[in-house]
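**Student:** In the numbering used here, the protein residues as written are 1039 to 1243.
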Amino acid sequence: MNYNSIHTFYYSQKLKIMDGFIGEIRAFALNYTPSGWVPCDGTTYTLLSQQALYAVIGNYYGGTPGQNFKVPDLRGITLLGKDPAASGYNVVGATGGVDAVTLTGNTMAAHNHQLKGVTRTGNGQTTAAQSQPGPTVYLTNAYALGTSKGVIAYSNTVDLNVPFAPQTISYNRLTPAVTPHSNVSPYLALNYCICVEGYFPVNGN
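(1) What is the rounded straight-line gap between the Cα of residue 1222 and the Cα of residue 1138?
(2) For residue 1090, report the span of its beta strand (DSSP E) as first-last.
(3) When burial is assigned at 16 or more other CB atoms within 10 Å of the CB, is residue 1107 buried or exposed?
(4) Take the Cβ of residue 1088 as the centre, count every other Cβ of all protein chains shown within 10 Å, and call the residue buried at 16 or more, exposed below.
(5) Taking its Cβ as the centre, do 16 or more other Cβ atoms sit within 10 Å of residue 1249, making it buried, or is it exposed?
(6) In three-state DSSP terms, what is residue 1063?
(7) DSSP on residue 1236, reduced to helix/strand/coil?
(8) Which same chain residues, not among the five before or five after residue 1121, have their C-beta less than 8 Å away from its C-beta?
(9) Are there three or more Cβ pairs, one per stretch, closer than 8 Å when the region 1232-1243 is compared with the region 1067-1077?
(10) Does the beta-carbon of residue 1070 have 16 or more other beta-carbons within 10 angstroms, so that it is buried, or is it exposed?
(11) Output the distance between the C-alpha atoms of residue 1094 and residue 1061, rounded to the nearest integer angstrom.
(12) Per DSSP, what kind of secondary structure is residue 1077 in: helix, strand or coil?
(13) Can you find a C-beta in chain D that's less than 8 Å from the C-beta of residue 1219?
(14) I believe residue 1237 touches residue 1059 by the beta-carbon criterion, under 8 Å. Please report the beta-carbon distance rounded to the nearest angstrom.
(15) Residues bridged to residue 1108 by DSSP?
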């Protein structure tokens, strides 16, 4: 049985497998919109053009009441179940979230960074002194080896009990041009469509 005969068979038999409830949304793996469905792309429709669908979803997703309405726009977003107990998504049609987030001083959690240093007080501490910064040495106070001698500024030993003034290292909350980071989880794009021809859903309440 070739593709054309399969296509003809399905439509001639009017199989109910594709019949949906008006207002129902399905994710299709195919790259076109099936007959009886329209894409969930935020399109605005007049009430006369889609009376049955409007009777089901109304203006939950936008539009002007009594004139037109919008279908849900599911392009590039994640679906979330309604939760009556959670503010923000406790009603059908609620939206939120962003694709990228820029961190600021007000949004960063309070935290500490340990800065290690050394306090030198005598010649006995200069035996392992270093004159250049590096990955294995620590910043210390300047201490001369003697008259007209070089100043020691680094050490390969550490003192964890040396406090620094808060101004030693600071963060400027007004620093501009912070690059936003992606807030998107792993995804798979599918073709979301909403049913406009099918069974009319009866409110069971």
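Glycine residues also receive a C-beta, built at the ideal position from the N, C-alpha and C atoms. Quantities reported herein were computed from a predicted structural model and do not represent experimental measurements.
**Tutor:** With the structure as the only source:
(1) 7 Å
(2) First-last for residue 1090: 1089-1095, but that is the alpha helix (DSSP H), not the beta strand (DSSP E).
(3) buried
(4) buried
(5) What the structure shows of the chain is the stretch from 1039 to 1243, and residue 1249 is not part of that stretch, so it cannot be assessed.
(6) strand
(7) coil
(8) 1127 and 1128
(9) yes
(10) exposed
(11) 6 Å
(12) strand
(13) The chain labelled as chain D is not found in the depicted structure, where only one protein chain is given.
(14) 5 Å
(15) 1082
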